[in-house]
Structures are given as structure tokens and as C-alpha cells.
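If you read the sequence shown in full-length UniProt numbering, its first letter stands for residue 263, the second for the next number, and so on.
Contents: one structure, followed by commentary.
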Amino acid sequence: LDHQLRQTERLDSLGRLAGGVAHDFNNLLAVIIAYAADVGADLGPEHPCQPDVERITRAAERAAALTRQLLIFSRLEPSRPEVLDVNQVVADTEHLLHRTIGEDITFSSELAAGLPPVVIDRSKFEQIVVNLVVNARAAMPSGGRLTITTRSSGNGRVELIVSDTGVGMTPEVASRAFEPFFTTKGPADGTGLGLATAYGVVTEAGGDIGIDTVPGRGTTMTVTLPEAGRPAVVSALDAPGSASAAA
Ligand code: ADP
């Protein structure tokens with residue numbers, strides 16, 4: 263519990279720092295993108311420096327996308343919790359998920375009927391679902407099975423489970439996966455903010471995220487949220503057999 267508290271404090275202060283920087287950074291990037299566009303227009307389409315101008319623009323746009331992720335992560339983007347149906351969110355994101363997944367992956371979803379509603383910011387929760395699926399997809403470079411399951415745990419909690427048959431995580435990676443900026447992907451592919459953001463958003467909503475992973479076999483990520491009107495999930499006492507976020 264002590265460890266968990268320290269971890270949370272560390273995430274909070276890192277988040278505030280990152281968010282403060284991200285805000286100023288966004289303004290600077292807007293200046294770079296605007297002037298690059300001016301220079302590109304002045305040079306004209308045939309100028310030999312045009313490809314360099316485009317590189318500047320692409321790099322600045324990528325930095326802007328990263329900055330947006332930082333703002334969500336740092337919780338400077340205010341949360342607007344609403345009562346929502348987890349199944350509906352999965353259904354709403356499914357077209358996006360299908361595009362991400364690709365043909366070498368067998369996708370299935372098992373959505374429980376009569377699932378009680380939860381209370382969480384809709385767009386942030388959608389982002390979490392997408393991030394979990396993107397991670398699962400990335401863990402299966404030569405194909406596999408990806409499953410999204412929802413269920414009511416019967417004790418006032420709703421679970422969203424994203425499961426893959428991918429590379430899995432070593433204990434070292436699993437223990438650091440929620441750390442901001444921790445990534446095993448290259449700098450062009452990973453920000454290391456996906457799970458850190460998910461952890462922040464889910465715990466803010468009174469929930470928890472667990473990792474169950476076996477190297478070479480696959481990974482199951484379980485997001486647990488309290489049913490609307492029910493008390494928060496106390497992570498240290500819950501989810502036996504699955505590593506809790508700060509474990
Ligand atoms: P990113 O995806 O940008 O690296 P995340 O915070 O989403 O950042 O994930 C951190 C790390 O956790 C990943 O780099 C990867 O090593 C590991 N990871 C996350 N999800 C999975 C998964 N489904 N299977 C295997 N490893 C994963």
C-alpha cells in the first residue's frame with residue numbers, strides 16, 4: 263500500500279510537470295507549424311528545400327499529437343464524468359478498432375447483456391479502449407487472437423477485459439508498464455503514455471487496472487470500474503491473481 267501511494271504521488275507530480283510543459287509547448291509548436299507553412303508557400307512547390315519544410319511540418323505535427331496525449335495524461339484536460347454503458351463505448355469504437363487490428367488478427371467481442379452503467383469521461387474512456395487494443399495489436403506482429411470481454415463481476419463492479427495472444431511481458435516490463443514514458447517500442451512508435459494515462463483516468467473514476475501476462479503466451483488487461491452509484495474499487499484488496507497497477 264505504501265508503495266502504491268508513492269507510485270500515485272510520483273505519477274501526480276510528473277503529470278503536473280508534464281502538463282505545464284505541454285501547454286507552453288503547444289503554443290511554440292503552433293508558431294513552428296504556421297511559419298513552416300509560410301516558408302513553404304513563399305518557396306513555391308518546385309523549390310529544392312520544399313521536402314525539408316515538409317519534414318519540419320511533419321515533426322512539429324507529431325510533437326503536437328504527443329503534446330495532446332500529455333495534456334490528457336496530466337489531467338489538465340478536465341474530466342466530464344457521465345453515466346455510460348461500457349458495451350456502447352466498445353460498439354462506438356469498433357469501426358476504429360477494426361481499422362487498427364488488420365487481417366492477421368482474429369477479433370471477437372463478448373459483451374455481457376444487461377451490464378450496469380459506470381461513471382467516467384466518455385472520450386477519455388474511448389481513448390483507453392483504443393490504447394489497449396493498439397497495444398494488444400502491437401504485441402502480435404505475426405497475428406493472433408484479440409478478445410474484448412465485458413462483464414458484471416456481481417459485487418458492484420463492471421469489467422472490461424482486453425486479451426491478446428501476443429508476446430506478453432517480462433516481470434520487469436509488467437512492473438514498469440504503467441510508468442509514464444516507459445516504452446519498449448521505438449521513439450517513433452511508442453510514447454509510453456498509453457497505460458500511464460489509462461491508469462490515471464481509471465483511478466480517478468474510482469476503478470483499477472490489472473495486468474495478467476505470460477511471456478510468449480499473451481496478455482490480459484482488466485479495467486475494473488464501480489457501477490454507477492457504488493463505492494470505488496479498493497485495488498489492494500481486490501483482483502486476486504492479477505498484478506494491480508502499482509504492484
Ligand atoms: P506505448 O504503447 O507507447 O509503449 P504504453 O504505456 O501503452 O506505451 O505501454 C507501455 C509498454 O507496456 C509497452 O511499450 C509494452 O512494452 C508494454 N505493453 C503494453 N501492453 C502490452 C501488451 N498487450 N502486450 C505486451 N506488452 C505490452
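Using N, Cα and C, we set each Cβ at its ideal position, and we do this for glycine too.
Cβ-heavy atom distance between N393 and the ligand ADP below 7 Å? yes
Could you work out which residue in T465, T482, T481 is closest to P493 when comparing CA atoms only? When each option's Cα is compared against that of P493, the closest is T465.
Buried or exposed: where does residue 231 fall if 16 or more other Cβ atoms within 10 Å of its Cβ makes it buried? With the chain running from 263 to 509 in the structure shown, residue 231 is simply not present.
DSSP three-state label for G478, please. In the three-state scheme derived from DSSP, where H, G and I count as helix and E and B as strand, G478 is classed as coil.
Anyone know if the C-beta pair for A284 and A322 falls short of 8 Å? no
For the ligand ADP, any of its heavy atoms closer than 7 Å to the Cβ of N417? no
According to DSSP, is E421 part of a helix, a strand, or is it coil? In the three-state reduction of the DSSP assignment, E421 falls in the strand class.
Cβ of G469 within 8 Å of Cβ of V495? yes
According to DSSP, is residue 515 part of a helix, a strand, or is it coil? Lying outside 263 to 509, the shown extent of the chain, residue 515 is not represented and no answer is given.
How would you label Q350, buried or exposed, when you count the other beta carbons within 10 angstroms and need 16 or more for buried? exposed
Taking only heavy atoms of the ligand ADP into account, decide whether any of them is closer than 7 Å to the Cβ of D426. yes
Per DSSP, S414 forms a beta bridge with which residues? V420
Which value, in whole angstroms, describes the spacing of the CA atoms of R320 and N289? Taking the straight line from one Cα to the other gives about 16 Å.
Just tell me which of G428, G478, I473 has its CA closest to the CA of L457. I473
Please give me, in chain order, every unbroken run of the alpha helix (DSSP H) with length at least 4 that falls completely inside the region 289 to 357. 312 to 335
Quick one: is the Cβ of N288 within less than 7 Å of any heavy atom of the ligand ADP? no
Which same chain residues end up closer than 7 Å to A439 when comparing Cβ atoms and leaving out the 5 residues on each side of it in sequence? M431, L457, I473
Closest to Q331 by C-alpha separation, out of Q389, P379, I382, would be which residue? Q389
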